[in-house]
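Novice:
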Amino acid sequence: MGCRGSAEVATCAPSSHAMNRQENKIKVGKARPIVFMLTTFIIVGLVSSIGNTLFIEQANALHNTRFPVFILLICASLSRWITSHIYTSLQKKLSISPSQQSLGIRIRMGLGMFLFLLCSAIAEGVEDKRLDVIRKHGLQDKPNDVVPMSVLSLLPQFILLGSAEGLSWDGLENFLDEQLPESKKMYASSLSKGMNGVGKILSVVCVAIVEAIEPTWFSDSISKSHLDKFYRMLTIFSFLNLFWYFCVARYLTSNEVIENGQVEPERTEHPVYNAVLYNSKFLMAAVGSLSSLDASEEAELWSIFKALGFARVQ
7 MGCRGSAEVA TCAPSSHAMN RQENKIKVGK ARPIVFMLTT FIIVGLVSSI GNTLFIEQAN
67 ALHNTRFPVF ILLICASLSR WITSHIYTSL QKKLSISPSQ QSLGIRIRMG LGMFLFLLCS
127 AIAEGVEDKR LDVIRKHGLQ DKPNDVVPMS VLSLLPQFIL LGSAEGLSWD GLENFLDEQL
187 PESKKMYASS LSKGMNGVGK ILSVVCVAIV EAIEPTWFSD SISKSHLDKF YRMLTIFSFL
247 NLFWYFCVAR YLTSNEVIEN GQVEPERTEH PVYNAVLYNS KFLMAAVGSL SSLDASEEAE
307 LWSIFKALGF ARVQ
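Residues in the sequence shown are numbered consecutively from 7, following my numbering.
Here you go:
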């Protein structure tokens, strides 16, 4: 029956308002995991976009008579397809319950982000070697000369790039398909592609900022550029992003356990805050490994962090 009379309307209106607030709260609660997870793919999109551009520039400057550059692109595409299908097959065989399927999706995305980290680190090492060859043969001022280094030296980073994309982007689409309501599942692929597009835009902005601060990193000639330092910066970004992903994944898992009524929350702090504290020792240990950087390299990275908003000028 509807509400009739002024007294009944006065009683019904607050109840209806409370129901609307509760519904909005539920909607926000369901959207929060998606928003948190999408933030972890900003850096993924950045590294993916830069890898698909700068890696090709590197390959074009190397000796590629017997192995054309498109072979590397084919290897990257095959690596993405094979890695994605192998993981999907294993997940279907090993995942029985919905909770196991959710865990498999999150492990998939985490592995993809780790491979992006490994890809950036290997790309830095290969670029160091390429610059050594350039200096050894005196090719700094000869941009049109081919560097006497096989293009196959770039094969590992192309394979890792393809595998990382297959795990992370397909994993994100699976995660969105799992989290979105039935009427919105059709947008899972569009959201995943949208985050990839955000990464491409961010890569342009990132290169422009770095070029303005450190012009030597991106010179007119790739032989004079210092892509090794830029790749090192991407490696650090990938590591920090992987740490953030661990925090988000732990937060989502804790929330799901509490919502399912399996355990009661033991702490009053925000779950993301607890996750950051839980992983802080891991972060500090890894940051300690950066002590091998010399003073000039630390200053360059610090200046870029300031420009990108990761540090405040005192």
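Where a beta carbon is used, it is the ideal one built from N, C-alpha and C, also for glycine. Small disclaimer: the values here were computed from a predicted structure and weren't measured.
Hey, is residue 50's beta-carbon within less than 8 Å of any beta-carbon in chain B?
Specialist: The question asks about chain B, but that chain is absent: this structure has only one protein chain.
Novice: Tell me, which residues are paired with residue 68 by DSSP?
Specialist: Paired residues: 153.
Novice: Quick check: what's the CA-CA separation for residue 2 versus residue 46?
Specialist: The requested residue 2 does not occur in the structure, where the chain is confined to residues 7 to 320.
Novice: Between which residues of its own chain and residue 109 is the CB-CB distance below 6 Å, once the five residues before and five after are set aside?
Specialist: So no residue of the chain qualifies.
Novice: Could you spell out where the alpha helix (DSSP H) holding residue 87 opens and where it closes?
Specialist: 75–100 is the extent of the alpha helix (DSSP H) around residue 87.
Novice: Excluding the 5 residues flanking residue 165 on each side, which residues of the same chain have their C-beta closer than 8 Å to its C-beta?
Specialist: Result list for residue 165: 81, 82, 85, in chain order.
Novice: Near residue 183, which residues of its chain fall below 8 Å by C-beta distance, leaving aside the five closest residues on each side in sequence?
Specialist: Here the set comprises 191, 194.
Novice: Going by alpha carbons, who is nearest to residue 61 out of 201, 75, 48, 216?
Specialist: Per the Cα distances, 75.
Novice: Tell me which same chain residues have a C-beta within less than 7 Å of the C-beta of residue 57, skipping the five on either side of it?
Specialist: The residues are 125, 167.
Novice: Measure the beta-carbon distance from residue 133 to residue 64 and round it to whole angstroms, keeping in mind my assumption that it falls under 8 Å.
Specialist: Confirmed, about 7 Å.
Novice: Please tell me whether residue 163 and residue 218 are closer than 8 Å, where the distance is taken between their beta carbons.
Specialist: Not a contact, by the Cβ cut-off of 8 Å.
Novice: Apply the 10 Å Cβ neighbour rule to residue 66 and answer buried if 16 or more other Cβ atoms are within range, or exposed otherwise.
Specialist: It counts as exposed.
Novice: Classify residue 140: buried if its beta carbon has 16 or more other beta carbons within 10 angstroms, exposed otherwise.
Specialist: So residue 140 counts as buried.
Novice: Starting from the C-beta of residue 237, find all residues in its chain whose C-beta is less than 7 Å away, skip the five residues before and the five after it, and write them out in chain order.
Specialist: Same-chain partners within the cutoff: 126, 129, 130, 133.
Novice: What's the gap between the Cα of residue 115 and the Cα of residue 177?
Specialist: Approximately 5 Å between the Cα atoms of the pair.
Novice: Can the beta-carbon of residue 153 be found closer than 8 Å to that of residue 68?
Specialist: In contact: residue 153 and residue 68 (Cβ atoms closer than 8 Å).
Novice: Report all residues from its chain with a CB closer than 7 Å to the CB of residue 179; omit the five preceding and five following residues, and keep chain order.
Specialist: Counting only Cβ-Cβ distances below 7 Å, and skipping sequence neighbours, we find 194, 195, 198.
Novice: For the candidate residues 41, 103, 49, whose alpha-carbon lies nearest to that of residue 207?
Specialist: The shortest Cα separation from residue 207 among 41, 103, 49 belongs to 49.
Novice: Output needed for residue 119: all residues of its chain with C-beta closer than 8 Å, excluding positions within five of it in sequence on either side, in chain order.
Specialist: So the qualifying residues of the chain are 46, 50, 170, 174, 244, 247, 248, 251.
Novice: Taking the alpha helix (DSSP H) that residue 196 belongs to, which residues open and close that run?
Specialist: Note, residue 196: alpha helix (DSSP H), 194–219.
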